[in-house]
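For reference, the structure is listed below as structure tokens.
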Amino acid sequence: MSYAKALEQATANPEQFWMDAARALDWARFPAIAHDEDDDHWFPDGELNVCENAVDRHVAAGRGDQPALIYESPITGRDATYSFTELQERVARTAGMLVNAGVKKGDRVVIYMPMIPEAVFGMLACARIGAVHSVVFGGFAAPELAKRIDDCQPVAVLSASCGLEPNRTIAYKPLLDAAIERCTNKPETTIILQREELRADLIPNRDIDWNAAYDAAKPVDPVPVKSTDPLYILYTSGTTGTPKGVVRDNGGYATALAWSMEHIYGVEAGDVYWAASDIGWVVGHSYIVYGPLLAGCATILFEGKPIGTPDAGIFWNLVDKHKVKVLFTAPTAIRAIRRADPDGEFIRKASLKSLKALFLAGERADPDTLLWIADMLGKPVIDHWWQTEIGWPAIATCFGRGETEIRVGSAGRAVPGFRFKVQDDAHQEVEPGKVGNLLIEQPLPPGAFRALWNNPERFKAGFADFPGHYTSGDAGMIDEDGFIHIMGRTDDIINVAGHRLSTGQMEEVVSNHPAVVECAVVGAADALKGETPVGFVVARAGTGDHDQIRKDLITSIRGDIGPIACLSTVHFVDGLPKTRSGKILRNLLRAIENGDEIIVPQTIEDASVIDTLIAHVAEEKAKA
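FYI, in full-length UniProt numbering the residues of the sequence shown are 1 to 624.
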């Protein structure tokens, strides 16, 4: 089926389109109802188990000896390949370990682990017994981890003694202990995997040694769950500084991912697929773990960096080593590779015969970077767009359907099942080529979120501004040929190296410093990371040691939010631009920092502040 035909069918009869797609899975009870309009759920009467579909059914189909999970850790020098049969054995016993720890169907389990096979075993084991996992990016700061634990109230936490970076070891256990100490809702059990690089002290009557618990466990079979039951909770930054727990269902999500692997990425059972991301993010959930395994592909779990482990050729060496068919990474990774290898010497050393396409997502793929890597690879390089809430690509070039037309600067066309609109603030649809609020018509297709954990009112509020539509939070434009262009965020969420971070949350941390009167944090353009947070601070009179305050703020941000949120620059200024109602004009600050055109609104309280800020930023940059 061509892309055009799939788009036509998904638009004209979405229920039949997705019922047909659902037949790619094994169901304990195949749904008779495609979509419940009252509850906005897909396949409400269906029952299945996602772990069984990702693992067991491939063994039953005779593919047990094929590679399923490939672990590559250039940081440690370790690697391993697990066949589907071996993966089934590991996951079934890990599930038994959870059962022995008292985890039951519907219970929550927080997974706070590095990029190691046991983390994947843990995710799949939760799905196997009907527990709901919530993966938190390994090394996340204790206060943020505590918020997530308190919100989802897990029965157990799976963790490891440490995570590894190219030049340092991060002790996870002290972070986990500090987080639990802050929690009101404390987990009953923590299961800790001891890594040889750094062992952790275990607390009696709470901490359990992973290996001992695993050895004592017996394998358990998958448990059918309702299609609408939650598979996982994944927290993403919210504009209030409070994390949003995006809830993903089982049946709709599995159906959408299985469809996307064939139709968007163009892979099938037996192929090797590599999403160079982290399981702590939605890309890792959808395209390191569930998507490839549902499709019967081998998936690569990579504990390393695009450069420095050991060099800028690691991606291309692993593509050749494992005959990767499709590689998916963030533009940040390609920019880092380009900076380290501007002439593409490492790329030319690799054959890359197996590679059919490179996909980019997580942030806007700037044309310069996209064109550079496309020229170096001589392969299709495809930008595509989606969000944690959406769960899988909503804008893409459907490579698996033979689509290869790429418009640089655009993320592609609407994926079948998604109906996009662009409206202005008055809810009027804008002309093609005009920028406005990027919206998706309801109902959203399978795979998208249907709830926020413990927060139905906040979920409803996400659809309130433009009734009948999901508001993406991005400014967008649809051209006359249907290509969709993402122009930037419309709220205070910034994208740092593919990680969505709330500047409002950073402002809360900065404003807590005793020397800070008021502040604003904005996302400034960064050649490597896409965006980087920059602070504008009004300090109290008499606090002359700005260097020490700057160091304090950087330390606080790293400790309360995490190192990825580190302020790159802190400007100490006399005042901030505000409207007469007191709203800080962050767009103006962003434009000043980036050297963009300054458009001063008529509602500004004191326009003279602008000239002062421009001169200050120019002086600071000249010093740097």
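The beta carbon of each residue, even a glycine, is placed where N, CA and C say it ideally should be.
Because the structure is a prediction, the values reported are computed rather than measured.
Option in the options with minimal Cα separation from residue i
i: N13; options: P443, S227, E507 and T490; result: P443
i: A21; options: S159, E262 and G523; result: E262
i: W453; options: Q153, Q194, L567 and T329; result: Q153
i: P74; options: S159, T388, E165 and V408; result: E165
i: A213; options: I180, A101 and A160; result: A101
i: I484; options: G473, Q505 and G433; result: G433
i: G402; options: D343, A336, R338 and V267; result: V267
i: K379; options: A520, S354, V103 and L234; result: S354
i: T228; options: K583, D36 and L585; result: D36
i: L352; options: I279, D79, W316 and D343; result: W316
i: T471; options: V517, H513, G482 and F418; result: F418
i: M477; options: N211, D560 and A414; result: A414
i: E197; options: I180, G163 and A527; result: G163
i: H571; options: S511, E605 and C519; result: C519
i: K623; options: K583, L585, T569 and L438; result: T569
i: Y82; options: L301, E188, K578 and E457; result: L301
i: L293; options: I557, P416, K578 and V50; result: V50
i: L234; options: D311, A178 and S134; result: S134
i: H546; options: D65, P514 and E188; result: P514
i: F346; options: D366, P367, A357 and D320; result: D320
i: V408; options: I191, A350 and I486; result: I486
i: L439; options: G462, P456 and E457; result: G462
i: Q16; options: N495, R348, P416 and W210; result: P416
i: A350; options: L377, A333, D39 and F359; result: L377
Residue j beta carbon less than 8 Å from that of residue i
i: A411; j: V283; result: no
i: V225; j: N250; result: yes
i: G436; j: W392; result: no
i: A607; j: V617; result: no
i: I149; j: C183; result: yes
i: E72; j: G313; result: no
i: G530; j: R338; result: no
i: residue 689; j: A131; result: A query on residue 689 cannot be resolved here, the shown segment of the chain reaching from 1 to 624 and no further.
i: G96; j: I111; result: no
i: T369; j: P331; result: yes
i: V247; j: A61; result: no
i: A473; j: R489; result: The amino acid occupying residue 473 in the given sequence is Gly; Ala does not appear at that position. Contact flag set, yes.
i: I561; j: V510; result: no
i: K325; j: V381; result: no
i: D26; j: R63; result: no
i: H322; j: I129; result: no
i: V534; j: A541; result: no
i: K421; j: E441; result: yes
i: A178; j: P117; result: no
i: T190; j: D209; result: no
i: T236; j: T388; result: yes
Residue i, buried or exposed, once every other Cβ within 10 Å from all chains shown has been counted against 16
i: A6; result: buried
i: E480; result: exposed
i: residue 675; result: The question about residue 675 has no answer, for the chain in this structure spans 1 to 624.
i: D221; result: exposed
i: D574; result: exposed
i: A146; result: buried
i: D383; result: buried
i: T397; result: buried
i: L553; result: buried
i: L528; result: exposed
i: R335; result: buried
i: L371; result: exposed
i: N185; result: exposed
i: R195; result: buried
i: M19; result: buried
i: K173; result: buried
CB-CB length for residue i against residue j, believed under 8 Å
i: P114; j: A160; result: 6 Å
i: M506; j: A565; result: 6 Å
i: G296; j: A269; result: 3 Å
i: L576; j: V538; result: 6 Å
i: A68; j: A298; result: 6 Å
i: L327; j: W274; result: 5 Å
i: V522; j: L585; result: V522 to L585, Cβ: 10 Å. No contact.
i: W385; j: I395; result: 4 Å
Discussion item. Quick check: the region 206–218 against the region 85–105, are at least 3 beta-carbon pairs closer than 8 Å?
Written reply: yes
Fill in: Touch test, the region 129–145 against the region 186–204, Cβ-Cβ under 8 Å, three pairs minimum
no
Discussion item. If contact is defined by three or more beta carbon pairs under 8 Å, each pair taking one atom from either stretch, is the region 485–503 in contact with the region 413–429?
Written reply: no
Discussion item. Counting beta carbon pairs with one atom in the region 25–34 and one in the region 42–58, are three or more of them shorter than 8 Å?
Written reply: yes
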